[in-house]
Amino acid sequence: DRYVYGQRSINDINTDIELLNGFESKGFTVFKIKRPLVLCDPDDRSIETGTPYVIFPWHIHDPENSYEIDLDTKNQSTQLNFFRKNLEISSDHDESQVFEIKLHKKIIPIKHHQYCQAFQIPKNLSKKHIYQWSTELPESDPHLISSIKLYECSHDYSYAGEVDCDFSLNTAFCSRSSIGWNLGSEMKVSFPADIGYPIGTDTDYGFLVLNLEFIDLEQSSSKILIDLNK
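Taking this note's numbering as reference, the numbering of the sequence shown is continuous, increasing by one, and the terminal residue is 1677.
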(Lines of atoms letter the chains of each structure in order from A and count residues from 1; the text may use other names and numbers.)
(Lines give C-alpha, C1' and ligand atoms only; values in the text may rest on other atoms or scores of the structure.)
Protein backbone atom coordinates (compact mmCIF):
# COMPACT_ATOMS: atom_id res chain seq x y z
CA ASP A 1 0.00 0.00 0.00
CA ARG A 2 2.54 2.54 -1.22
CA TYR A 3 2.76 4.81 -4.21
CA VAL A 4 5.34 6.71 -6.21
CA TYR A 5 4.83 9.68 -8.50
CA GLY A 6 8.08 10.80 -10.07
CA GLN A 7 10.03 10.12 -6.88
CA ARG A 8 11.01 7.43 -4.40
CA SER A 9 8.02 5.66 -2.83
CA ILE A 10 7.05 6.28 0.80
CA ASN A 11 5.95 3.98 3.62
CA ASP A 12 2.22 4.06 4.33
CA ILE A 13 1.07 2.95 7.79
CA ASN A 14 -2.57 2.61 6.68
CA THR A 15 -3.97 -0.26 4.62
CA ASP A 16 -6.61 1.11 2.28
CA ILE A 17 -6.36 -1.52 -0.45
CA GLU A 18 -8.48 -4.67 -0.15
CA LEU A 19 -7.38 -7.85 -1.93
CA LEU A 20 -10.41 -9.39 -3.64
CA ASN A 21 -8.82 -12.51 -5.11
CA GLY A 22 -5.80 -13.81 -6.94
CA PHE A 23 -5.01 -16.60 -9.38
CA GLU A 24 -2.16 -18.13 -11.38
CA SER A 25 -2.19 -17.99 -15.17
CA LYS A 26 0.64 -19.37 -17.34
CA GLY A 27 3.26 -18.68 -14.72
CA PHE A 28 1.93 -15.27 -13.69
CA THR A 29 0.16 -14.26 -10.49
CA VAL A 30 -2.83 -11.96 -11.05
CA PHE A 31 -4.33 -10.01 -8.13
CA LYS A 32 -7.63 -8.14 -8.13
CA ILE A 33 -7.87 -5.32 -5.61
CA LYS A 34 -10.20 -2.47 -4.70
CA ARG A 35 -9.86 0.83 -2.85
CA PRO A 36 -12.03 3.93 -2.38
CA LEU A 37 -11.57 6.74 -4.87
CA VAL A 38 -11.59 9.40 -2.15
CA LEU A 39 -9.34 8.88 0.88
CA CYS A 40 -8.42 11.14 3.78
CA ASP A 41 -5.03 9.44 4.06
CA PRO A 42 -2.34 11.95 2.92
CA ASP A 43 0.03 9.06 2.11
CA ASP A 44 -2.29 7.67 -0.58
CA ARG A 45 -2.36 8.75 -4.19
CA SER A 46 -5.64 10.55 -4.96
CA ILE A 47 -7.62 9.20 -7.90
CA GLU A 48 -9.99 11.39 -9.86
CA THR A 49 -12.96 9.82 -11.63
CA GLY A 50 -12.13 9.11 -15.26
CA THR A 51 -8.38 9.58 -14.87
CA PRO A 52 -6.28 6.69 -16.26
CA TYR A 53 -3.69 6.41 -13.50
CA VAL A 54 -1.63 3.23 -13.46
CA ILE A 55 -0.56 1.21 -10.41
CA PHE A 56 2.92 -0.32 -10.79
CA PRO A 57 4.09 -3.22 -8.58
CA TRP A 58 7.80 -3.64 -9.34
CA HIS A 59 10.75 -5.53 -7.91
CA ILE A 60 12.14 -5.62 -4.39
CA HIS A 61 14.23 -2.42 -4.56
CA ASP A 62 12.58 1.00 -4.73
CA PRO A 63 13.73 3.23 -7.60
CA GLU A 64 15.64 6.41 -6.77
CA ASN A 65 13.63 8.34 -9.35
CA SER A 66 10.96 7.80 -12.00
CA TYR A 67 13.53 7.09 -14.73
CA GLU A 68 14.88 4.01 -12.95
CA ILE A 69 11.60 2.06 -12.94
CA ASP A 70 12.33 -1.15 -14.82
CA LEU A 71 11.44 -4.82 -15.01
CA ASP A 72 13.02 -7.27 -12.61
CA THR A 73 14.50 -9.94 -14.90
CA LYS A 74 13.79 -12.68 -12.34
CA ASN A 75 10.55 -11.66 -10.64
CA GLN A 76 9.12 -9.63 -13.53
CA SER A 77 6.26 -7.28 -12.70
CA THR A 78 2.73 -6.36 -13.56
CA GLN A 79 0.65 -3.22 -13.96
CA LEU A 80 -2.95 -2.45 -13.09
CA ASN A 81 -4.46 -0.07 -15.64
CA PHE A 82 -7.64 1.96 -15.63
CA PHE A 83 -9.57 1.41 -12.40
CA ARG A 84 -12.67 2.64 -14.20
CA LYS A 85 -15.20 0.17 -15.60
CA ASN A 86 -15.37 0.18 -19.38
CA LEU A 87 -18.22 2.11 -20.89
CA GLU A 88 -20.53 0.75 -23.54
CA ILE A 89 -19.94 3.12 -26.44
CA SER A 90 -21.45 2.69 -29.88
CA SER A 91 -19.21 3.27 -32.92
CA ASP A 92 -22.00 3.20 -35.48
CA HIS A 93 -22.26 6.95 -36.05
CA ASP A 94 -21.05 8.34 -39.38
CA GLU A 95 -18.29 10.57 -37.98
CA SER A 96 -16.31 7.79 -36.29
CA GLN A 97 -12.94 6.75 -37.73
CA VAL A 98 -10.65 3.79 -37.02
CA PHE A 99 -6.91 4.37 -36.56
CA GLU A 100 -4.91 1.11 -36.57
CA ILE A 101 -1.30 0.37 -35.64
CA LYS A 102 -0.16 -3.05 -36.84
CA LEU A 103 2.89 -5.31 -36.87
CA HIS A 104 2.85 -7.98 -39.57
CA LYS A 105 4.89 -11.17 -39.03
CA LYS A 106 7.79 -9.44 -37.30
CA ILE A 107 10.57 -11.81 -36.20
CA ILE A 108 12.42 -10.63 -33.08
CA PRO A 109 15.64 -12.34 -31.83
CA ILE A 110 15.72 -13.51 -28.20
CA LYS A 111 18.55 -11.09 -27.34
CA HIS A 112 16.00 -8.28 -27.44
CA HIS A 113 13.69 -7.99 -24.42
CA GLN A 114 11.75 -5.22 -26.09
CA TYR A 115 10.96 -3.97 -29.57
CA CYS A 116 10.04 -0.51 -30.87
CA GLN A 117 8.57 0.69 -34.13
CA ALA A 118 7.69 4.29 -35.00
CA PHE A 119 4.60 5.36 -36.93
CA GLN A 120 3.90 8.80 -38.34
CA ILE A 121 0.48 10.30 -37.72
CA PRO A 122 -1.19 10.71 -41.15
CA LYS A 123 -0.66 14.31 -42.28
CA ASN A 124 -4.24 14.54 -43.53
CA LEU A 125 -5.65 13.53 -40.13
CA SER A 126 -7.01 16.64 -38.45
CA LYS A 127 -7.35 16.68 -34.68
CA LYS A 128 -9.69 13.98 -33.37
CA HIS A 129 -10.43 12.48 -29.98
CA ILE A 130 -10.12 8.77 -29.26
CA TYR A 131 -13.06 7.51 -27.21
CA GLN A 132 -12.14 3.83 -27.26
CA TRP A 133 -9.07 1.71 -27.98
CA SER A 134 -8.48 -2.03 -28.01
CA THR A 135 -5.51 -4.40 -28.10
CA GLU A 136 -5.27 -7.62 -30.12
CA LEU A 137 -2.51 -10.06 -29.19
CA PRO A 138 -0.82 -12.31 -31.78
CA GLU A 139 -2.14 -15.84 -32.15
CA SER A 140 1.42 -17.19 -31.88
CA ASP A 141 2.81 -17.20 -28.30
CA PRO A 142 0.74 -14.32 -26.88
CA HIS A 143 1.92 -15.19 -23.35
CA LEU A 144 5.44 -14.00 -24.21
CA ILE A 145 4.29 -10.36 -24.36
CA SER A 146 4.20 -8.59 -20.99
CA SER A 147 3.19 -5.13 -22.18
CA ILE A 148 2.31 -3.07 -25.25
CA LYS A 149 2.74 0.68 -24.83
CA LEU A 150 2.53 3.75 -27.03
CA TYR A 151 4.79 6.79 -26.75
CA GLU A 152 3.98 10.19 -28.18
CA CYS A 153 6.85 11.79 -30.12
CA SER A 154 7.10 15.41 -31.22
CA HIS A 155 6.92 16.58 -34.83
CA ASP A 156 10.73 16.95 -34.74
CA TYR A 157 11.21 13.22 -34.07
CA SER A 158 11.19 12.37 -37.81
CA TYR A 159 11.73 8.60 -37.61
CA ALA A 160 9.61 5.78 -38.98
CA GLY A 161 9.91 2.00 -38.97
CA GLU A 162 12.01 -0.03 -36.54
CA VAL A 163 13.82 2.20 -34.02
CA ASP A 164 16.14 1.85 -31.03
CA CYS A 165 14.04 1.72 -27.85
CA ASP A 166 16.77 3.29 -25.70
CA PHE A 167 16.98 6.24 -28.08
CA SER A 168 13.23 6.74 -28.46
CA LEU A 169 11.58 6.14 -25.08
CA ASN A 170 11.40 8.73 -22.28
CA THR A 171 13.54 11.27 -24.13
CA ALA A 172 13.18 14.92 -25.05
CA PHE A 173 11.31 13.79 -28.17
CA CYS A 174 9.04 11.05 -26.80
CA SER A 175 6.97 10.54 -23.66
CA ARG A 176 4.56 7.85 -22.49
CA SER A 177 0.94 8.14 -23.60
CA SER A 178 -2.08 6.92 -21.65
CA ILE A 179 -2.77 4.20 -24.20
CA GLY A 180 -1.35 0.75 -23.65
CA TRP A 181 -1.88 -2.79 -22.46
CA ASN A 182 -0.23 -4.81 -19.70
CA LEU A 183 -0.64 -8.37 -18.55
CA GLY A 184 -3.87 -8.66 -16.59
CA SER A 185 -5.45 -5.45 -17.87
CA GLU A 186 -8.49 -5.04 -20.09
CA MET A 187 -8.19 -5.63 -23.84
CA LYS A 188 -10.57 -2.76 -24.58
CA VAL A 189 -10.77 0.57 -22.73
CA SER A 190 -13.23 3.43 -23.20
CA PHE A 191 -12.62 7.03 -22.19
CA PRO A 192 -15.37 9.15 -20.61
CA ALA A 193 -17.50 10.87 -23.26
CA ASP A 194 -16.44 14.35 -22.13
CA ILE A 195 -12.69 13.65 -22.23
CA GLY A 196 -11.36 11.54 -25.12
CA TYR A 197 -7.70 11.27 -26.12
CA PRO A 198 -6.37 13.75 -28.72
CA ILE A 199 -4.75 12.52 -31.93
CA GLY A 200 -3.97 14.20 -35.25
CA THR A 201 -1.56 16.66 -36.85
CA ASP A 202 -2.95 19.56 -34.79
CA THR A 203 -1.68 18.01 -31.54
CA ASP A 204 1.81 18.46 -30.09
CA TYR A 205 2.98 15.03 -31.33
CA GLY A 206 3.43 13.83 -34.89
CA PHE A 207 4.70 10.28 -34.32
CA LEU A 208 3.78 7.29 -32.18
CA VAL A 209 6.30 4.66 -31.05
CA LEU A 210 4.90 1.19 -30.40
CA ASN A 211 6.84 -0.51 -27.59
CA LEU A 212 6.55 -4.26 -26.93
CA GLU A 213 8.18 -5.87 -23.89
CA PHE A 214 8.78 -9.63 -23.72
CA ILE A 215 9.46 -12.24 -21.07
CA ASP A 216 11.30 -15.58 -20.93
CA LEU A 217 12.36 -15.52 -24.57
CA GLU A 218 15.48 -17.58 -23.81
CA GLN A 219 13.32 -20.41 -22.51
CA SER A 220 11.00 -20.52 -25.52
CA SER A 221 13.04 -20.55 -28.74
CA SER A 222 15.68 -18.63 -30.64
CA LYS A 223 13.18 -16.05 -31.87
CA ILE A 224 9.60 -14.86 -31.52
CA LEU A 225 7.14 -14.18 -34.33
CA ILE A 226 4.84 -11.20 -33.73
CA ASP A 227 1.80 -10.66 -35.93
CA LEU A 228 -0.46 -7.82 -34.78
CA ASN A 229 -2.11 -7.58 -38.18
CA LYS A 230 -5.42 -9.21 -37.25
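Note that the Cβ used here is the ideal one computed from N, Cα and C, for glycine as well.
Of the other Cβ atoms in all chains shown, fewer than 16 fall within 10 Å of the Cβ of I1554; this residue is therefore exposed. Membership of C1612 in the alpha helix (DSSP H) is indicated by the continuous run 1612 to 1615. Sequence-distant partners of G1653 (beyond 5 residues in either direction) whose C-beta falls short of 6 Å from its own C-beta, in its chain, are I1568, H1602. For a cut-off of 8 Å, the C-beta gap from L1597 to G1627 is around 6 Å, short enough to register as a contact. Taking C-beta atoms under 8 Å as the contact rule, F1661 and H1560 qualify, at a distance of about 6 Å. Judged by DSSP secondary structure, S1543 falls outside any beta strand (DSSP E); it is assigned neither H nor E. Counting the other Cβ atoms within 10 Å of the Cβ of N1468 gives fewer than 16, which makes it exposed.
Your pair G1647 and K1549 does not check out as a contact, with CB atoms roughly 19 Å apart and the cut at 8 Å. Runs of the beta strand (DSSP E) lying entirely within the segment 1571 to 1641 and spanning at least 3 residues, in chain order: 1575 to 1577, 1579 to 1581, 1592 to 1600, 1608 to 1610, 1621 to 1629, 1635 to 1637.
Per DSSP, Y1652 has no beta bridge partner at all.
At a Cβ-Cβ threshold of 7 Å, F1566 and L1655 count as neighbours.
When secondary structure is reduced to three states using DSSP, C1563 falls in the strand class.
With 16 or more other CB atoms across the displayed protein chains lying within 10 angstroms of its CB, S1593 is buried. V1477 is bridged by DSSP to F1470. Secondary-structure assignment with DSSP links I1646 through a beta bridge to K1575. Rounded to the nearest whole angstrom, the CA to CA distance from L1584 to I1595 is 9 Å. Straight through space, the alpha carbons of R1623 and L1616 are spaced by roughly 8 Å.
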